[in-house]
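When you read off a place in the sequence shown, starting at 1, and then add 454, the result is the number in the numbering used here. Glycine included, every Cβ here is placed at the ideal spot set by N, Cα and C. To start, the structure under review is shown below, and the notes come after it.
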Amino acid sequence: MKSQQSTQTMKPATAAKKLGVYLPATPASFQEGVVSRAELNELQANPPEWLRELRRNGPHPRPVVAAKLGVSIAGLARGGVTEPLTTEQIEALKQEQPEWLQKERATQAEVRAEATRLRNLKQEKLEKQQGDAERA
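So this is what it looks like as structure tokens:
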């Protein structure tokens with residue numbers, strides 16, 4: 455006997471996070487219902503106008519704001535950015551280059567460089583181990 459596969463659904467907050475949009479800015483119909491996996495896939499493949507507009511102009515959730523500014527979410531908080539920002543506000547910050555943004559971008563660059571260094575070191579150790587094993 456085959457069991458009937460149930461439709462996988464998620465809360466609107468989860469779907470908004472997966473779509474990269476700020477939930478309170480979505481239509482009421484989206485906020486009040488549940489979203490099936492199929493509906494989420496359809497929204498990703500063929501976004502309606504409201505979704506395209508939110509992605510283009512915002513307001514954007516913190517992870518999207520952080521990515522657009524090239525900083526971490528914690529860096530946003532340290533810089534005093536606690537509210538969602540529109541694309542226009544993000545662009546204004548990029549133009550103004552406040553001190554906190556410059557500092558957080560430098561910190562983020564250091565973190566990425568260290569992660570790359572550690573990845574390379576791990577790869578070198580792995581290759582050395584493989585070379586030693588082949589000679590043994």
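- For Ser-483, the secondary structure class from DSSP, reduced to helix, strand or coil, is helix.
- With respect to Arg-516, Leu-505 sits apart: the two C-beta atoms are not nearer than 7 Å.
- Comparing C-alpha distances from His-514 to each of Tyr-476, Glu-507, Leu-575 and Lys-522 shows the shortest one belongs to Tyr-476.
- Counted as a single uninterrupted DSSP element, the alpha helix (DSSP H) harbouring Thr-541 occupies residues 541-550.
- Excluding residues up to 5 positions away in sequence, Thr-540 and Thr-541 lie with their Cβ nearer than 6 Å to the Cβ of Gly-512 in the same chain.
- The alpha-carbon separation between Ala-482 and Val-488 amounts to approximately 12 Å.
- For Gly-529, the enclosing alpha helix (DSSP H) covers residues 527-532.
- In the DSSP assignment, Gly-585 falls within the alpha helix (DSSP H) that extends over 553-589.
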